[in-house]
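Notes to accompany the following structure.
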Amino acid sequence: MTEPLMSIGTFSRASSISIKALRAYHAQGILEPAIVDDETGFRNYHVGQLADAAVVRRLRDLDVPLAAIRDVLAARDPEVTRRVLTEHTARMRSELERAERIVSELSRTEPVHETPARIVQLAPQTVIAVSGVVSGDGFSSFLQQSYAALFARIETLGLRVAGPPAGLYAPEILDDTGEPATAYVPVEDAPTNVGEGLLRLELPAVTVAALTHRGGYDSIGERYEALGAWVAHHARPTGAPVREIYAVGPTETADPADYRTDICWPVELVS
1 MTEPLMSIGT FSRASSISIK ALRAYHAQGI LEPAIVDDET GFRNYHVGQL ADAAVVRRLR
61 DLDVPLAAIR DVLAARDPEV TRRVLTEHTA RMRSELERAE RIVSELSRTE PVHETPARIV
121 QLAPQTVIAV SGVVSGDGFS SFLQQSYAAL FARIETLGLR VAGPPAGLYA PEILDDTGEP
181 ATAYVPVEDA PTNVGEGLLR LELPAVTVAA LTHRGGYDSI GERYEALGAW VAHHARPTGA
241 PVREIYAVGP TETADPADYR TDICWPVELV S
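Position 240 of the sequence shown, counting from 1, maps to 240 under the working numbering, and the rest follow consecutively.
This is how it looks when you write it as structure tokens:
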């Protein structure tokens with residue numbers, strides 16, 4: 001006996017999933033219609049797909065990513081479902097801890113002892129570096145992987161580190177698709193060829209407006225706001241990359257509250 005078909009509208013009502021969402025799921029390869037009319041494009045679903053729709057709806061209520069839901073539906077295996085939910089729970093717990101940390105930092109009532117903005121002359125440096133294009137939450141993993149590769153190569157080459165790890169970032173954020181970033185480590189000297197995927201750079205001396213941020217990277221945006229406002233009143237940006245110098249970071253302490261980052265914005269002083 002042929003299983004009955006339901007129009008997308010009827011299926012929407014029966015599954016409590018909107019037509020817009022069903023079309024989006026179809027585009028993502030989730031809950032694909034049983035039949036799509038070649039001429040009209042009308043979608044029709046089998047009654048049996050209501051069970052899958054219930055799985056999708058419940059997992060989306062938990063904010064499980066669509067890719068993970070696709071894995072659950074494709075596997076139809078309780079172990080896969082359990083693994084996906086365990087991984088998602090861990091992510092949610094991590095996000096909750098992150099949110100609580102941000103709320104705590106934003107709710108501080110005691111004055112924060114931060115270094116005021118100051119003009120600093122940075123000396124020229126020889127560095128070895130890794131460059132890439134990074135977006136969203138990818139900065140942490142980019143820096144972590146980059147510094148692992150850089151310090152491993154420094155040890156192989158027998159180079160002497162001449163300062164804390166740092167990063168170069170574009171002075172303007174053009175869009176949300178990603179921005180160029182360069183992780184680097186200052187060294188006393190380095191050969192021209194430092195290895196595949198790595199760069200040897202000569203950073204020039206530069207005048208910067210600097211602020212020190214104390215704490216985790218989630219709240220560093222506040223210091224950028226303060227430094228940007230100071231620069232607007234007292235200096236003129238040169239258009240050179242902004243530097244972040246990680247004086248104290250994850251390799252020195254396990255507590256993000258103890259991190260210390262110097263934000264250095266290249267400027268010309270306004271008389």
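Just so you know, even glycine gets a beta-carbon here, dropped at the ideal spot from N, CA and C. Computed from a prediction, not measured in an experiment: that's the story for all the values here.
Answer with buried or exposed for Ala129, where buried requires no fewer than 16 other C-beta atoms within 10 angstroms of its C-beta. Burial of Ala129 is indicated by the presence of at least 16 other C-beta atoms within 10 angstroms of its C-beta.
Note down the Cα distance separating Gln121 from Thr177, rounded to an integer number of angstroms. CA-CA distance, Gln121 to Thr177, rounds to 33 Å.
Counting pairs of beta carbons, one from the segment 192-199 and one from the segment 213-221, are three or more of them closer than 8 Å? Fewer than three beta-carbon pairs drawn from the segment 192-199 and the segment 213-221 are found closer than 8 Å, and the two stretches are therefore not classed as touching.
Kindly provide the ranges of any alpha helix (DSSP H) runs that are 4 or more residues long and lie completely inside the segment 201-243, ordered along the chain. For the segment 201-243, the full-length alpha helix (DSSP H) segments reaching 4 residues or more read 220-234 along the chain.
Top-ranked residue by Cα proximity to Pro266, from Ile245, Arg236, Asp63: The candidate whose alpha carbon is nearest that of Pro266 is Arg236.
Going by DSSP in three states, Val47 sits in which element: helix, strand or coil? In the three-state DSSP reduction, Val47 falls in the coil class, being neither helix nor strand.
Using CA atoms only, rank isn't needed, just tell me which of Glu3, Ala24, Val231 is closest to Ile119. The alpha carbon of Ile119 has as its nearest neighbour, out of Glu3, Ala24, Val231, the alpha carbon of Val231.
May I have the straight-line CA-CA distance separating Gly41 from Leu85, to the nearest angstrom? When rounded, the distance between both Cα atoms is 35 Å.
If distances are taken between C-alpha atoms only, which option among Tyr45, Leu31, Glu39, Asp77 comes closest to Arg57? Looking at the Cα atoms, Leu31 is the closest of the given residues.
I'd like the list of long-range same chain contacts for Ser18, defined as Cβ closer than 7 Å, with 5 residues on each side in sequence excluded. Same-chain partners within the cutoff: Ser12.
Straight-line Cα distance separating Pro186 from Arg153: The alpha-carbon atoms of Arg153 and Pro186 are separated by roughly 13 Å.
Closest by CA to Val242, which one among Arg214, Val208, Glu155? Here the closest residue by C-alpha is Val208.
Other residues of its chain near Pro124: CB distance less than 8 Å, five sequence neighbours each side excluded: Contacts found: Glu202, Leu203, Pro204, Ala205.
Give me the Cα-Cα distance between Asp262 and Gly163, rounded to the nearest whole angstrom. Between the alpha carbons of Asp262 and Gly163 lies a gap of roughly 13 Å.
Span separating the alpha-carbon of His233 from that of Leu211: When rounded, the distance between both Cα atoms is 15 Å.
Secondary structure at Leu159, three-state DSSP: helix, strand or coil? In the structure shown, Leu159 sits in coil (DSSP, three-state: anything other than H, G, I, E or B).
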